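Data block below; observations after.
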Amino acid sequence: MQVLRVDSVSSTQDLARDLPVGSIVLAEHQTAGRGRLDRRWEAPPGSALLVSFVLRPNPLLSVAAGVAAAEACGPLVRLKWPNDLLLGDRKLGGILVENKAGKAICGIGINLTSAPEGAAQLNESRDEVFERLRAKIEEWTAASREDVLVRWRELSASLGRRVRIDGVEGLAEDIGPNGELIVDGAAHVTGSVTHL
Ligand code: BT5
Numbered sequence: 015m016q017v018l019r020v021d022s023v024s025s026t027q028d029l030a031r032d033l034p035v036g037s038i039v040l041a042e043h044q045t046a047g048r049g050r051l052d053r054r055w056e057a058p059p060g061s062a063l064l065v066s067f068v069l070r071p072n073p074l075l076s077v078a079a080g081v082a083a084a085e086a087c088g089p090l091v092r093l094k095w096p097n098d099l100l101l102g103d104r105k106l107g108g109i110l111v112e113n114k115a116g117k118a119i120c121g122i123g124i125n126l127t128s129a130p131e132g133a134a135q136l137n138e139s140r141d142e143v144f145e146r147l148r149a150k151i152e153e154w155t156a157a158s159r160e161d162v163l164v165r166w167r168e169l170s171a172s173l174g175r176r177v178r179i180d181g182v183e184g185l186a187e188d189i190g191p192n193g194e195l196i197v198d199g200a201a202h203v204t205g206s207v208t209h210l
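So the sequence shown is numbered by our numbering: it starts at 15 and just counts up by one.
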């Protein structure tokens with residue numbers, strides 16, 4: 015795997031999209047880091063792990079990447095559907111998967127030495143977290159769908175809780191075979207969850 019390390023970039027996703035499968039982009043700083051749905055991802059220079067992996071497309075990739083990232087961060091980290099890493103009930107990091115021409119660009123941001131108000135930080139060295147994450151991404155993107163789903167259920171902070179999603183409230187019962195969240199029997203493919 016080729017690792018490209020850069021000081022400053024608009025978004026690691028922008029550099030990664032033109033690289034071959036197997037490439038990894040790591041940045042000190044992003045001037046236009048992004049989350050889902052055109053949201054911003056903010057991190058002061060040098061304070062976070064900001065990385066994009068160029069992978070083969072896989073419908074369960076964002077779920078597998080969540081499992082990989084949670085395990086790389088340590089035993090206290092849990093997953094909030096669909097893609098948030100939580101430490102306690104605070105957001106520690108997030109995952110953004112974008113597809114381009116036969117490639118899936120999997121971006122992961124983890125707060126290390128700084129976090130926005132109300133968010134969490136890991137206080138660990140970037141290189142150590144990166145090396146663990148890289149190994150875990152390799153492991154979990156090669157795992158079977160069933161193994162990924164079983165592990166996601168174990169790590170989930172959302173299942174068994176009352177949640178709000180797309181304006182409806184209900185019990186988060188399970189994750190479906192394609193990563194959808196099942197709330198009161200109904201499958202939700204996209205959206206943001208609030209834990210009630
Ligand atoms: C995510 O989106 O959580 C996915 C974040 C992915 C970031 C990585 S960094 C490397 C790669 N390159 C990129 O440009 N992106 C990826 P979402 O679920 O939409 O959450 C975004 C929301 O999280 C924002 O609207 C803020 O409320 C909040 N937020 C922004 N920066 C944060 C931070 N550093 N820590 C915690 N929350 C943050």
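Note that CB positions come from ideal geometry on N, CA and C, so glycine has one too. On a predicted model such as this, the values are computed, not experimentally measured, just so you know.
Environment of aspartate 52 [buried if 16+ CB atoms lie within 10 Å]: exposed
Under the assumption that glycine 102 contacts isoleucine 122 (Cβ atoms under 8 Å), give the Cβ distance between them as a whole number of angstroms. Their Cβ separation, rounded to whole angstroms, is 20 Å, which puts glycine 102 and isoleucine 122 out of contact at 8 Å.
Contacting residues, own chain, Cβ-Cβ under 7 Å from glycine 47 (five flanking each side not counted): Ser25, Arg54, Trp55, Glu56, Ala57, Leu64, Gly123
Beta-carbon proximity of serine 61 to glycine 193, cut-off 9 Å: No, Cβ-Cβ distance for serine 61 and glycine 193 is not below 9 Å.
Taking the CB atoms as reference points, tell me whether isoleucine 6 and asparagine 125 lie closer together than 9 Å. Lying before the first or after the last residue shown, residue 6 is absent from the chain, which here runs from 15 to 210.
Which ranges would you report for the alpha helix (DSSP H) in the segment 45-130 if only whole runs of at least 4 residues count? If only uninterrupted alpha helix (DSSP H) runs of at least 4 residues are considered, those enclosed by the segment 45-130 are 75-87.
According to DSSP, is valine 203 part of a helix, a strand, or is it coil? coil
Look up arginine 146 in the DSSP assignment and say whether it is helix, strand or coil. Annotated three-state conformation of arginine 146 is helix, per DSSP.
On a Cα-Cα basis, can you pick out the residue from Val177, Lys150, Lys117 that is closest to arginine 31? Lys117
Per-residue burial, glutamine 44 [other beta carbons within 10 Å of its own, 16 or more giving buried]: buried
Continuous beta strand (DSSP E) stretch holding aspartate 21: start and end: 17-23
In angstroms with no decimal places, state the Cα-to-Cα distance between alanine 157 and serine 66. 20 Å
Using the Cα positions of arginine 104 and glycine 132, report the straight-line distance between them to the nearest angstrom. 7 Å
With respect to 8 Å, is the separation between the Cβ of glutamate 168 and the closest non-hydrogen atom of the ligand SAH below this value? Here the bound small molecules are the ligand BT5; the ligand SAH is not part of this structure.
Within 10 Å of its beta-carbon, does valine 35 have 16 or more other beta-carbons around it, so buried, or fewer, so exposed? Per the 10 Å Cβ criterion, exposed.
Is it the case that the Cβ atoms of valine 203 and glutamate 187 are separated by a distance below 9 Å? no
Would the segment 154-172 and the segment 137-146 be scored as touching if the rule is three or more Cβ pairs under 8 Å? Segment contact: the segment 154-172 against the segment 137-146, fewer than three CB-CB distances shorter than 8 Å; contact not assigned.
Cut-off 6 Å between Cβ atoms - residues of its own chain near lysine 150, not counting five sequence neighbours on either side: For lysine 150, where only same-chain residues beyond five positions count, the Cβ hits under 6 Å are Ala82, Glu85, Ala86.
Taking Cβ positions, are arginine 175 and isoleucine 189 nearer each other than 9 Å? No; because the gap between Cβ atoms is not below 9 Å, this pair is not in contact.
Count the other CB atoms, across all protein chains shown, that sit within 10 Å of the CB of alanine 79; report buried if there are 16 or more and exposed otherwise. Buried, since its Cβ has 16 or more Cβ neighbours within 10 Å.
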